[in-house]
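Residue numbers (our numbering), protein chains in the order written: chain G, 6 to 329; chain W, 4 to 346.
Step one of this worksheet: look at the structure below.
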């Protein structure tokens with residue numbers, strides 16, 4: 006097993022999946038000649054040719070729209086959106102067609118496409134390179150959403166997304182693209198959608214997170230050592246959601262803090278809180294708390310650290326709950 | 004020489020020039036007529052069905068039949084059609100049952116077809132978003148080494164959409180074998196063409212995509228056929244996409260819920276009705292000696308019978324099971340999909 010950065014694991018998954026299935030193709034802005042602005046698609050064009058790693062015109066809705074047509078011709082397109090916030094034009098196609106087309110055909114046609122993109126803040130970038138758009142995607146019926154937090158999961162979830170017969174959006178936490186190198190299985194490696202990962206076991210409080218907030222929660226768990234044993238649940242996929250793992254953890258610890266870097270209102274954390282209120286309320290010792298971004302445009306990077314959920318804010322929420 | 008009105012610029016015609024189209028024999032001419040009558044009958048019956056409360060709101064395509072039938076006849080069976088809602092019944096020309104399309108307008112879950120079976124994509128309701136689907140399909144077939152061509156239909160208003168631009172541009176870049184067929188009927192509900200674009204003609208837009216732009220009389224089924232056939236040949240031969248602007252005029256309401264008297268030029272509508280596309284073609288065929296009263300009656304009766312049987316079949320369909328709301332959105336549905344369902 007080789008140690009890889011998360012973005013290298015993405016690249017590994019694409020190499021393995023394009024080699025495995027001749028109908029898988031990669032398309033997007035700067036994915037071919039440049040190998041992607043984060044190098045996620047490096048080497049694909051050289052190995053698989055310009056028709057299977059395609060530099061498209063700069064048109065996110067057109068990329069996803071043509072991917073719908075490519076599916077109708079039998080292809081399995083993996084579309085890269087260059088950045089989280091650059092993906093917003095593609096929401097037009099995602100909402101009006103990608104999530105609906107199979108339904109529209111009475112279930113007769115499949116649209117096994119993947120949209121993958123780097124997402125999230127903390128990287129000292131200009132405006133609109135920092136967003137966490139998962140709520141838009143997970144709110145779209147017909148679409149699945151996965152978010153890895155480790156190199157191995159980045160490979161395995163992307164492979165699962167490519168093999169899934171439904172459209173899947175994979176959000177890759179760019180803050181930890183080159184965070185910590187970790188072991189990644191060689192060759193084919195699939196992490197099924199809908200299975201959460203217990204990043205850390207504990208008994209007193211559950212921190213629920215995904216993507217770049219998982220390492221923040223792990224550091225918060227470290228900081229609370231001696232005060233409480235903290236469980237960190239990495240959801241890995243928002244739809245399908247592993248409710249069983251969520252409810253099991255919440256009922257075990259009786260306390261849950263949900264952490265998301267997206268704006269607060271109607272974020273995915275609210276969904277988690279609602280599920281816990283509906284199904285686990287009698288197991289809980291206190292309210293479900295949220296640590297989130299704020300309902301403002303993602304800030305200038307000189308002050309972004311105060312916007313992003315920090316270890317301190319997560320620890321503070323956990324303490325508040327432990328003392329409730 | 005007087006300046007040519009933009010309306011008339013480079014407009015290709017066959018019927019008004021009393022020309023004949025190479026390669027079209029009497030049987031072909033009658034087959035086109037049969038398609039025109041089928042579409043016209045579908046449309047006129049649908050307006051009646053709507054008034055009778057037997058279908059829901061319906062987008063009328065009266066006087067658009069020449070654009071639809073003329074272009075479809077220029078395709079091979081394996082070529083793909085990407086309709087907008089204005090072409091909701093175009094699949095009838097590919098064998099989709101009338102009852103299926105009527106189901107769609109009746110809001111019944113039986114109103115679907117498998118696009119792969121008929122090579123007719125599902126009806127696109129939002130404006131122009133299917134242009135990139137057609138571009139992707141055409142490009143994808145080309146990547147597989149097939150000679151399949153795709154055609155996509157949209158209106159004049161659609162050319163204002165970013166989706167149109169992105170799809171057309173991608174088709175040009177990929178040299179996708181695609182025909183972008185613009186039905187320029189001069190109205191997007193109540194918004195006239197001059198409020199949609201400052202371009203002299205819509206076909207001029209093709210220049211910006213590096214593809215030929217052709218203008219054709221949209222009420223002339225043979226001119227539409229001829230222009231589309233040339234575009235199909237070019238696409239199949241590797242010559243890439245073509246933009247066809249078929250110039251017509253909307254002589255009916257946008258849909259059954261629309262009353263155009265508030266905005267449209269009623270004199271022009273009357274003029275268009277007198278010169279509507281089915282009558283023009285019928286007169287042409289009679290002048291050629293290809294069509295007589297008996298054949299007209301036979302073909303019209305045949306179409307009426309298809310519609311009678313179609314609406315009867317649609318109305319005989321049982322009320323849908325509400326459980327169907329959960330069907331078909333996913334191949335592998337998420338486990339909590341039915342959360343909150345009390346069924």
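Even for Gly, the Cβ is constructed at its ideal location relative to N, Cα and C.
Treat the numbers as computed from the prediction; the structure is a model and nothing was measured.
At a beta-carbon threshold of 8 Å, the residues of chain W lying near residue 110 of chain G are 115, 116, 117, 118, 125, 331, ordered along the chain.
The C-alpha of residue 86 of chain G lies about 13 Å from the C-alpha of residue 59 of chain G. For the pair residue 248 of chain W and residue 181 of chain W, the CB atoms are not nearer than the 8 Å cut-off. In this structure, G:263 is the residue among G:287, G:111, G:116, G:263 with its C-alpha nearest to the C-alpha of residue 320 of chain G.
The continuous beta strand (DSSP E) containing residue 58 of chain G extends over residues 58-60. Per DSSP, residue 220 of chain G is one residue of the alpha helix (DSSP H) stretching across 218-228.
Within the same chain, Cβ atoms closer than 6 Å to the Cβ of residue 195 of chain G are found at 161, 164, 165, the five residues on either side in sequence being excluded. At least one C-beta of chain G is nearer than 8 Å to the C-beta of residue 138 of chain W.
With respect to the C-alpha of residue 10 of chain W, the residue from W:143, W:250, W:162, W:233 having the closest C-alpha is W:250.
Contact check for residue 69 of chain W against residue 223 of chain W passes: the beta carbons are separated by less than 8 Å. Look at the beta carbons and you see the region 40-52 of chain G not touching the region 62-75 of chain G: under three pairs across the two are nearer than 8 Å. Where residue 177 of chain G is concerned, the enclosing beta strand (DSSP E) starts and stops at 173-178. For residue 331 of chain W, no pairing in a beta bridge is given by DSSP. With the rule of 3 Cβ pairs closer than 8 Å, the region 235-244 of chain W does not count as touching the region 41-59 of chain W. For residue 218 of chain G, the closest alpha carbon among the candidates G:152, G:193, G:190 is that of G:152. With contacts defined as CB atoms closer than 8 Å, residue 107 of chain G and residue 117 of chain W fail to qualify as a contacting pair. A distance below 7 Å between beta-carbons, with the five flanking residues on each side excluded, links residue 17 of chain G to the following residues of its chain, in chain order: 9, 160, 189. Considering only G:292, G:33, G:191, the residue with the shortest C-alpha distance to residue 6 of chain G is G:191. Interface annotation for the region 69-81 of chain W against chain G: empty, criterion Cβ-Cβ distance under 8 Å. Per DSSP, the continuous alpha helix (DSSP H) segment holding residue 71 of chain G begins and ends at 65-77. In the three-state reduction of the DSSP assignment, residue 155 of chain W falls in the strand class, which pools E and B. Taking 8 Å as the CB threshold, residue 75 of chain G lines the interface with chain W. Between residue 90 of chain G and residue 35 of chain G, the beta carbon gap of about 16 Å keeps them out of contact (Cβ cut-off 8 Å). In the three-state reduction of the DSSP assignment, residue 270 of chain G falls in the coil class. Around the beta carbon of residue 56 of chain W, fewer than 16 other beta carbons sit within 10 angstroms, so the residue counts as exposed. For the set G:200, G:128, G:140, the Cα lying nearest the Cα of residue 338 of chain W is the one of G:200.
Contact note: residue 246 of chain G reaches chain W through 337, 338, 339, using a C-beta cutoff of 9 Å and chain order. Less than 8 Å separates the beta-carbon of residue 130 of chain W from that of residue 164 of chain W.
For residue 37 of chain W, the closest of W:102, W:97, W:86 by C-alpha to C-alpha distance is W:97. When rounded, the separation of the alpha-carbon atoms in residue 231 of chain G and residue 313 of chain G is 26 Å. In the pairwise beta carbon analysis, the region 226-240 of chain G is classified as not touching the region 168-186 of chain G: fewer than three pairs are separated by under 8 Å. As a beta-bridge residue in DSSP terms, residue 9 of chain G pairs with G:187. Here DSSP, grouped into helix, strand and coil, assigns residue 94 of chain G to helix. Within the same chain, no Cβ atom closer than 7 Å to the Cβ of residue 274 of chain W is found once the five residues on either side in sequence are excluded. For residue 115 of chain G, the residues of chain W that pass the 7 Å Cβ criterion are 334, in the order they occur in the chain.
Between the alpha carbons of residue 246 of chain G and residue 276 of chain G lies a gap of roughly 11 Å.
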